[in-house]
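One structure is given below, encoded as structure tokens.
Residue numbers (the UniProt record's numbering): 1 to 462.
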């Protein structure tokens, strides 16, 4: 048997050519829409090309953050259009604001409105046309797919493949090495039957779910499939883990899959930091009179310092000093920290009000400017509480893959203040990890707006 020499660069990233084509069409649509709006208004002034360039840059920025141009395998063109619309709204809005600041807001609002509307309409027409072409051309050939074994990830994949609008997949069924038959999918036979069907050309693609228990058997099956013309796809067995912001990397062309990761790397980290600096600076300027008033009231109503700093875990579990307005007669830190309860005797005359309204947290915007915290993120807990709950709740420390925040997704959903049961803390951690998994700028903005509407006052904050 002749063996081919496989180099370390044999595995290469698959970049669907349609993604590049989609990006080009989207950028052309933005440019064409601007010129159409300009011509319709018949303006005497020259079209501001810098404005178009700034909007395009912001649009690309937004698309990169939201991973818009990574894959064409979406459930429908409708969802793809909705995602594009979100990217356009964010990119257009931020681009207009930046250009407005540069030009002292000497903008034609009618031109901007027409430009925005024309772009949305052309986007919609393009995606409808793409959907029509896909149905007429790309779906003419039916691709026959078979699966080896009936594991959970295989069943989910089969459902996703059936919903892809660009290609027509026919799920032939599954073949099993143990001859067991299942109800979820059509059973076609054992592995020998699969090899026979593959050689006859009845199957185009075969998906194999990796399994440590079946590693030798999988190696045997893949070797046998080399005697066919089928495309063989291997699903890595990472879906048994509770993945957190998982990514596929290549190190010298070798594939590496991260199981637990942070969303704030590279460009995302820079965007998050800019968001925090701008947001914290604006908020501190607005609330500075309130900060002064609270400081005076604390000084007049109780003995002790105005501010209180407490050790908390920051990003990657590093200890940071979190600043708060003092709301208690004691200043507990280290191993001696007890959660505040309703009617706690340690509270100062104004302390209960400050904690219930979250006003005691306002100095933490300074922590944001210093880079220890973010405006939005999991709330930091006292170190002694971290050490206790990390032994009780699986995945507790994963919340420290990002900077702690002044407000967070858990707090918006009611898990704020006292956590007197393990179940409450468990739910808080679930929401924290959901935030990390789904982070985006729009998600941050949503949490900030919801905090303004309902997040300041809580019945469980004492």
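We put the CB at the ideal spot given by N, CA and C, even for glycine.
Check: How many Å lie between residue 158 and residue 33 at the Cα?; Outcome: 39 angstroms
Check: Closest by CA to residue 402, which one among 245, 49, 148, 210?; Outcome: 245
Check: Can you grab the Cα-Cα spacing for the pair residue 275 / residue 50, in whole Å?; Outcome: 23 angstroms
Check: Count the other CB atoms within 10 Å of the CB of residue 247; is the residue buried (16 or more) or exposed (fewer)?; Outcome: exposed
Check: Anyone know if the C-beta pair for residue 38 and residue 126 falls short of 8 angstroms?; Outcome: no
Check: What does the alpha-carbon distance come out to for the pair residue 291 and residue 320?; Outcome: 22 angstroms
Check: Is there contact here, the segment 286 to 303 with the segment 82 to 89, by at least three beta-carbon pairs under 8 angstroms?; Outcome: no
Check: Specify the secondary structure class of residue 234 as computed by DSSP and reduced to three states.; Outcome: strand
Check: If I measure Cβ to Cβ from residue 189 and keep anything under 7 angstroms in the same chain, skipping five residues before and after, which residues do I get?; Outcome: 175
Check: Below 8 angstroms CB to CB, which residues in the same chain sit around residue 391 once its five sequence neighbours on both sides are set aside?; Outcome: none
Check: Decide if the segment 265 to 280 is in contact with the segment 360 to 372; the criterion is three or more beta carbon pairs, one per stretch, under 8 angstroms apart.; Outcome: yes
Check: Going along the chain, which residues of its own chain have a beta-carbon closer than 6 angstroms to the beta-carbon of residue 228, five neighbours each way excluded?; Outcome: 198, 199
Check: Taking only the alpha-carbon atoms, compute the straight-line gap between residue 260 and residue 397 and give it to the nearest angstrom.; Outcome: 11 angstroms
Check: Going by other Cβ atoms of all chains shown within 10 Å of its Cβ, with 16 needed for buried, is residue 406 buried or exposed?; Outcome: buried
Check: Under the assumption that residue 297 contacts residue 350 (Cβ atoms under 8 angstroms), give the Cβ distance between them as a whole number of angstroms.; Outcome: 6 angstroms
Check: What are the boundary residues of the beta strand (DSSP E) that residue 407 is part of?; Outcome: 405 to 407
Check: Please say whether residue 322 and residue 265 have beta carbons closer to each other than 8 angstroms?; Outcome: no
Check: CB-CB under 7 angstroms to residue 116, same chain, minus the five flanking residues each way: which ones, in chain order?; Outcome: 92
Check: Which term fits residue 215, buried or exposed, when burial requires 16 or more other beta carbons within 10 angstroms of its beta carbon?; Outcome: exposed
Check: What number of angstroms, rounded off, separates the C-alpha of residue 225 from the C-alpha of residue 161?; Outcome: 22 angstroms
Check: Quick check on the DSSP output: the beta strand (DSSP E) that includes residue 312 runs from which residue to which?; Outcome: 307 to 313
Check: Got a sec? Which residues, its chain only, sit under 8 angstroms from residue 222 by beta carbon, not counting five neighbours each side?; Outcome: 208, 232, 234
Check: Just mark residue 367 as buried or exposed, buried being the case when its beta carbon has 16 or more other beta carbons within 10 Å.; Outcome: buried
Check: Following the continuous beta strand (DSSP E) through residue 142, name the residue where it begins and the one where it ends.; Outcome: 142 to 148
Check: Tell me the DSSP bridge mates of residue 392?; Outcome: In DSSP, residue 392 forms no bridge with anything.
Check: CB-CB under 7 angstroms to residue 67, same chain, minus the five flanking residues each way: which ones, in chain order?; Outcome: none
Check: In whole angstroms, give me the CA-to-CA distance for residue 54 and residue 286.; Outcome: 28 angstroms
Check: Considering only the alpha carbon of each residue, which of 453, 380, 24 lies closest to residue 309?; Outcome: 380
Check: Under the three-state reduction of DSSP, which class applies to residue 286: helix, strand or coil?; Outcome: helix
Check: Do the CB positions of residue 172 and residue 203 come within less than 8 angstroms of each other?; Outcome: yes
Check: I'd like to know whether the C-beta atoms of residue 439 and residue 263 end up nearer to each other than 8 angstroms.; Outcome: yes
Check: Quick one: is residue 301 buried, meaning 16 or more other Cβ sit within 10 Å of its Cβ, or exposed?; Outcome: exposed
Check: In this structure, how does DSSP classify residue 218 when only helix, strand and coil are distinguished?; Outcome: helix
Check: Which same chain residues end up closer than 7 angstroms to residue 361 when comparing Cβ atoms and leaving out the 5 residues on each side of it in sequence?; Outcome: 324, 406
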